[in-house]
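Just so you know, we're using our numbering here: the sequence shown kicks off at 15 and counts up by one. Glycine included, C-beta positions come from ideal geometry on N, C-alpha and C. Everything numeric in this text was worked out from a predicted model, so none of it was measured.
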Amino acid sequence: MEQTFDVTALQYPFPCATNPHAAEVESKIGGWIKAHYDFLPEKVKKKYMHTGVGLAAGCMFPRADIHQLTAICRFYLWAFIVDDSFEYASVEEIHRIQDKSMPVLKGHDVLPDSALNHQLLILRRELMMFASESWMNRFCRNLEFYFEGVVMEIPYRKDLCFPSFETFYDIRERSVNVHPLVNLAEAITGISLPDNIAYHPVMQEIAQLTCRILACCNDLLSAFLEKGHDVLNLVLMLEHNKKCSLKEAYHEALQIHDKDVTRMWELKNNLPDFGIYTETVNAYIENLELMIRGHLYWTQLYTERYKSNNGHPSGELKADQLKVDQLKITV
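The following block contains the structure:
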């Protein structure tokens, strides 16, 4: 099925920029894939070579320095591979991945037992070079939030059964795995916000809107690839529940997206007084705006992931679903 959504309809009042270190980090990605992810099927590795992971991070985090961008790319590649590899895994397998990976990222005294978890050991060291322990705790909570979403997806994806809209939004906010990126947008400011500000209702709504906007953008771009194969996509949800045409579903999804963008813009321009953290909060929210705009820029110019089935590895991975036991390595 060909893409029928006009990507130019996605408009943002946010600036667009690119990170000057993006090409340098992108050049490292191939080496990481060969050195740390040799368990992947050869066709899948080639697709990740053309995903543009470094360019994605460069577009979405233009203000990160070289060390921050390297850590962000390490997380991106890990997250892409976990999400794609275990999209069709069982609940038990997801719990095993979570139980093995989170203690490593939290800094517990455990040895990583897989290529995936060894990367998390390196990632923690890199992140702690510019973030605080309280920030890391929030980052880990949001990654656990993601694993919860993946587990919640399983029965709907397995049976191709559409959930209610309330359930869909709850699942999507978790499984889209944007909350950890929101944390990273805070960390690269160089100042970790105290929990009472990070969890302020306005800040929480802005974080949630960022997740919704990026998830909706992704759904608009990928609905034509997922139709008939998945149900956890806003466009396909609307088409099914409203019993409307795909074109009408695209239009309604775009309206939902635009409403969220407007709400985020309003909140950004009417923030409470955060005292000595006001400047940091403003920089953080600007990073979120750059992230949203940069995601679209990356998908339009630098990746094949959302353009055709030939750019996304899910087909190969579904045909030869990776199991946790295949990822064992000696470290």
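### Query
Is it right to say residue 223 is buried, meaning 16 or more other beta carbons lie within 10 angstroms of its own, or is it exposed?
It is buried - the Cβ of residue 223 has at least 16 other Cβ atoms within 10 Å.
### Query
My guess is that residue 234 and residue 24 are in contact by the Cβ rule of under 8 Å, so how many angstroms apart are they, rounded?
Confirmed, about 7 Å.
### Query
What separation, rounded to the nearest whole angstrom, lies between the Cα atoms of residue 32 and residue 45?
Spanning the two alpha carbons is a distance of roughly 23 Å.
### Query
Can residue 111 be considered in contact with the ligand MG, in the sense that its beta carbon sits closer than 7 Å to one or more heavy atoms?
Of the ligands one can find in the structure shown there are none, so the ligand MG has no counterpart to examine.
### Message
Please state the DSSP three-state secondary structure of residue 236.
### Response
Secondary structure at residue 236: helix, using DSSP grouped into helix, strand and coil.
### Message
To the nearest angstrom, how far is the alpha carbon of residue 340 from that of residue 111?
### Response
The predicted model places residue 340 with a pLDDT of 48, which falls under 50 and marks its position as unreliable; any figure quoted below should be read in that light. The alpha-carbon atoms of residue 340 and residue 111 are separated by roughly 12 Å.
#### Entry: Residue range of the unbroken alpha helix (DSSP H) whose run includes residue 316
According to the DSSP assignment, residue 316 belongs to no alpha helix (DSSP H), since it is labelled neither H nor E.
### Message
Would residue 90 and residue 58 qualify as a contact pair, given that the criterion is a beta-carbon distance under 8 Å?
### Response
No, the Cβ-Cβ distance between residue 90 and residue 58 is not below 8 Å.
### Query
Got a sec, what are the start and stop residues for the alpha helix (DSSP H) residue 248 sits in?
Counting along the chain, the alpha helix (DSSP H) containing residue 248 begins and ends at 248 to 256.
### Task
Give the DSSP-derived three-state secondary structure of residue 259 in the structure shown.
Three-state DSSP puts residue 259 in coil, outside helix and strand.
### Task
Tell whether a beta-carbon distance below 8 Å holds between residue 212 and residue 144.
No, these two residues do not count as a Cβ contact at 8 Å.
### Message
Taking the alpha helix (DSSP H) that residue 25 belongs to, which residues open and close that run?
### Response
From DSSP, residue 25 is part of no alpha helix (DSSP H); its letter is neither H nor E.
### Message
Measuring only the C-alpha atoms, how far is residue 347 from residue 272?
### Response
This structure leaves residue 347 out entirely; the chain is present only between 15 and 345.
### Cβ of residue 269 within 8 Å of any chain C Cβ
Looking at the structure shown, chain C is missing, and only one protein chain is on hand.
### Message
Taking the straight line between their C-alpha atoms, what separation do you get for residue 29 and residue 73?
### Response
Approximately 11 Å between the Cα atoms of the pair.
### Reduced DSSP category for residue 84 - H, G, I as helix; E, B as strand; rest coil
Residue 84 sits in a helix when the DSSP states are folded into three classes.
### Message
For residue 245, which residues in the same chain have their Cβ closer than 6 Å to its Cβ, ignoring the five residues on either side in sequence?
### Response
Same-chain partners within the cutoff: 170, 174, 176.
### Task
Tell me the start and end of each unbroken beta strand (DSSP E) in the segment 151 to 200 that is at least 3 residues and wholly inside, in chain order.
Listed in chain order, the beta strand (DSSP E) elements of length 3 or more contained wholly in the segment 151 to 200 amount to none.
### Task
Evaluate the contact criterion for the segment 75 to 85 versus the segment 297 to 308: three or more CB pairs, one atom per stretch, below 8 Å.
Taking one beta carbon from each stretch, the segment 75 to 85 and the segment 297 to 308 have 3 or more pairs nearer than 8 Å; the two touch.
### Query
Quick one: Cα of residue 92 to Cα of residue 131, how far?
Near 9 Å, if we compare the C-alpha coordinates of residue 131 and residue 92.
### Message
Applying the 10 Å Cβ sphere with the 16-neighbour rule, what's the burial state of residue 186?
### Response
Under this definition residue 186 is a buried residue.
### Span separating the alpha-carbon of residue 282 from that of residue 210
One C-alpha to the other measures close to 18 Å.
### Query
By how many angstroms is the C-alpha of residue 87 removed from the C-alpha of residue 1?
Look at the range of the chain in this structure, 15 to 345, and you will see that residue 1 is not part of it.
### Task
Compute the beta-carbon to beta-carbon distance between residue 220 and residue 164, rounded to the nearest angstrom, for a pair I have assumed lies under 8 Å.
In this structure residue 220 is not in contact with residue 164, their Cβ atoms being roughly 24 Å apart against a cut-off of 8 Å.
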